[in-house]
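Chemist: Below you will find the structure I want to go over with you.
In full-length UniProt numbering, the protein residues as written are 1 to 200.
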């Protein structure tokens, strides 16, 4: 099977997504056996992005391990750091989601609205029932102010015409009161001033 190729941008995103993951498969002293390959294949099918922990201290053998896993299972090596290998193979659900979907056609604002039940039946426009309502004449309203009766006499007091009362002084009432206060204060001040007796 061919090795899956991914872009550097995808590799960076997958590396970030794999950061919180824990290793799902451990490769022991026996190396890469058929059982280990089946387990890696099962994990890739269900998860898509996995971490594999490889045993052994030799870096070159780990690089050969990751190359043989990617060739055998058609997956992409995302990252290799120490004994941790990160592998990616898109899941069948992700492949289906990546396909362009046919979007439901949206109704233009000028198109008439089709109710769900009619749309399910295959109708395109709603059925319109022609309304033939008989015209009802509006009742004639009487104007309450338009009567044949004479107007009732008013109970309000009619204002008297100007010029018949006493002569009024000009100016405000406050100024008159203020003047009255000033003259009242002067008269009381003269009454209160006692004669001062001189002490000898």
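Note that CB positions come from ideal geometry on N, CA and C, so glycine has one too.
When we look at the beta-carbon of residue 78 and count the other beta-carbons within 10 Å, is it buried (16 or more) or exposed?
Modeler: In the chain shown, residue 78 corresponds to position 78, counting from 1. Residue 78 comes out buried.
Chemist: Specify the secondary structure class of residue 140 as computed by DSSP and reduced to three states.
Modeler: Taking the chain shown and counting its residues from 1, the one referred to as residue 140 is at position 140. Coil at residue 140, not helix or strand.
Chemist: Please determine, among 30, 47, 137, 5, the residue with the shortest C-alpha to C-alpha distance to residue 21.
Modeler: What you label residue 21 is simply residue 21 of the chain shown in a count that begins at 1. Checking every option, the nearest Cα to that of residue 21 belongs to 47.
Chemist: Can you grab the Cα-Cα spacing for the pair residue 133 / residue 148, in whole Å?
Modeler: Position 133 of the chain shown, counting from 1, holds the residue named residue 133. Position 148 of the chain shown, counting from 1, holds the residue named residue 148. Going from the Cα of residue 133 to the Cα of residue 148 covers about 38 Å.
Chemist: Determine the DSSP secondary structure at residue 6, reduced to helix, strand or coil.
Modeler: Taking the first residue of the chain shown as position 1, residue 6 is located at position 6. Of the three classes helix, strand and coil, the one that applies to residue 6 here is coil, per DSSP.
Chemist: May I have a chain-ordered list of the beta strand (DSSP E) segments no shorter than 3 residues that lie completely inside the UniProt domain "CRM" (4-100)?
Modeler: 23-27, 49-54, 76-81, 84-88
Chemist: Is the stretch 5-20 in contact with the stretch 66-81, if contact means three or more CB pairs nearer than 8 Å?
Modeler: Segments in contact, yes.
Chemist: Are at least three pairs of beta-carbons, each pair with one atom in the stretch 31-46 and one in the stretch 108-116, less than 8 Å apart?
Modeler: no
Chemist: Applying the 10 Å Cβ sphere with the 16-neighbour rule, what's the burial state of residue 145?
Modeler: Your numbering for residue 145 matches position 145 in the chain shown. It counts as exposed.
Chemist: Alpha carbon to alpha carbon, how far is residue 120 from residue 137? Give it in angstroms, no decimals.
Modeler: If you number the chain shown from 1, residue 137 lands on position 137. If you number the chain shown from 1, residue 120 lands on position 120. The alpha-carbon atoms of residue 137 and residue 120 are separated by roughly 42 Å.
Chemist: Using three-state DSSP, classify residue 119 as helix, strand or coil.
Modeler: Here residue 119 is taken as the residue at index 119 of the chain shown, counted from 1. In the three-state reduction of the DSSP assignment, residue 119 falls in the helix class.
Chemist: Just to confirm before moving on: does the CB-CB distance between residue 85 and residue 51 stay below 8 Å?
Modeler: As a first step, residue 85 is located in the chain shown; it is residue number 85 there, counting from the start. As a first step, residue 51 is located in the chain shown; it is residue number 51 there, counting from the start. Yes.
Chemist: Taking Cβ to Cβ, would you say residue 59 is nearer than 8 Å to residue 26?
Modeler: Taking the chain shown and counting its residues from 1, one reaches residue 59 at position 59. Taking the chain shown and counting its residues from 1, one reaches residue 26 at position 26. No; because the gap between Cβ atoms is not below 8 Å, this pair is not in contact.
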